[in-house]
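What follows is a set of notes on a single structure, which appears directly below.
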């Protein structure tokens, strides 16, 4: 389940993600009533089975059963914030009724890694970069976007508009450029190309994790053309820590 909000007097508008059907917006009638049997099965992050009935504007949930709840994830503000970022990215990038099994599997696995206690920053950066690739915005990290030459092992610049790295020679004045250190580039390449079983052994220091997070957030914002509310919350959380 990606999101929910109040709807009408006692209902909830729910956003679900299915590997076969894609993103669905459905109504849970009476879910806000204390007596509702469905309300306990309509929690964000949870995975479940749902029976839907056709409706004029939105289909309606008639039955709901929780399969996975991720209770440990919910006990940590840092982890639950990362979970909100992931579900919001999936909600914003995916179109309704346009299945993307890669995104579904990635989201489910990433929530499971957070639940299992894996490093939050590493899981989040892995998810962000893979997610961008799965929805058609995979950054070019091996060749300069302007001259098409292979990148040398030096600090580079990431061009948000071009969606990839520019070598120092091709760096224009101005533009949507973000500095990218050599170590940062190496980490992004690993996150983009390696399986989680390999990535999870990486020790990512806080400074580099934050720098890569800022870059990926800016790139995400550029593609969506609107801010993610979860990013603002995470920034506020980081500033108060």
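Numbering (my numbering), first residue to last: 54 to 294. Where is the CB? At the ideal position from N, CA and C, for every residue including glycine. Here the structure is a predicted model, which means the values were calculated and not measured.
- Boundaries for residue 178: no beta strand (DSSP E) harbours it, while the alpha helix (DSSP H) harbouring it runs 173 to 187, taken from the DSSP string.
- In this structure, the CA atom of residue 209 is about 18 Å from the CA atom of residue 244.
- Separation of residue 246 and residue 183 (C-alpha to C-alpha, rounded to the nearest whole angstrom) is 9 Å.
- DSSP, read as helix, strand or coil, puts residue 68 in strand.
- The beta carbon of residue 175 sits closer than 8 Å to those of 252, 253, 255, 257 and 262, all from its chain and outside the five residues before and after it, given in chain order.
- Straight through space, the alpha carbons of residue 108 and residue 280 are spaced by roughly 32 Å.
- Following the DSSP letters along the chain, one finds residue 255 in no beta strand (DSSP E), marked with neither H nor E.
- Taking the Cα of residue 82 as reference, the smallest distance to any Cα among 123, 140, 134 and 115 is reached at 115.
- Counting only residues of its own chain and dropping the five nearest sequence neighbours on each side, residue 223 has a CB closer than 6 Å to the CB of 197, 199 and 200.
- The C-beta separation of residue 206 from residue 241 comes to about 14 Å, leaving the pair out of contact by the 8 Å criterion.
- For residue 168, the secondary structure class from DSSP, reduced to helix, strand or coil, is helix.
- With respect to residue 121, residue 79 sits apart: the two C-beta atoms are not nearer than 8 Å.
- Scanning its chain for C-beta atoms nearer than 7 Å, with the 5 sequence neighbours on each side dropped, one finds around residue 102 the residues 118 and 120, in chain order.
- Distance from the Cα of residue 162 is smallest, within the candidate group 147, 194 and 248, for 248.
- About 10 Å separates the CB atoms of residue 237 and residue 178; that is not less than 8 Å, and the two are not in contact.
- Inter-segment contact for the segment 55 to 62 and the segment 128 to 148 is present: three or more beta-carbon pairs are separated by less than 8 Å.
- Rounded to the nearest angstrom, the gap between the Cα atoms of residue 220 and residue 187 is 25 Å.
- The criterion of a C-beta distance shorter than 8 Å is satisfied by residue 73 and residue 152.
- If you draw a straight line from the Cα of residue 195 to the Cα of residue 239, it comes to about 10 Å.
- Contact between residue 170 and residue 193 fails: their C-beta atoms lie close to 33 Å from each other, not under 8 Å.
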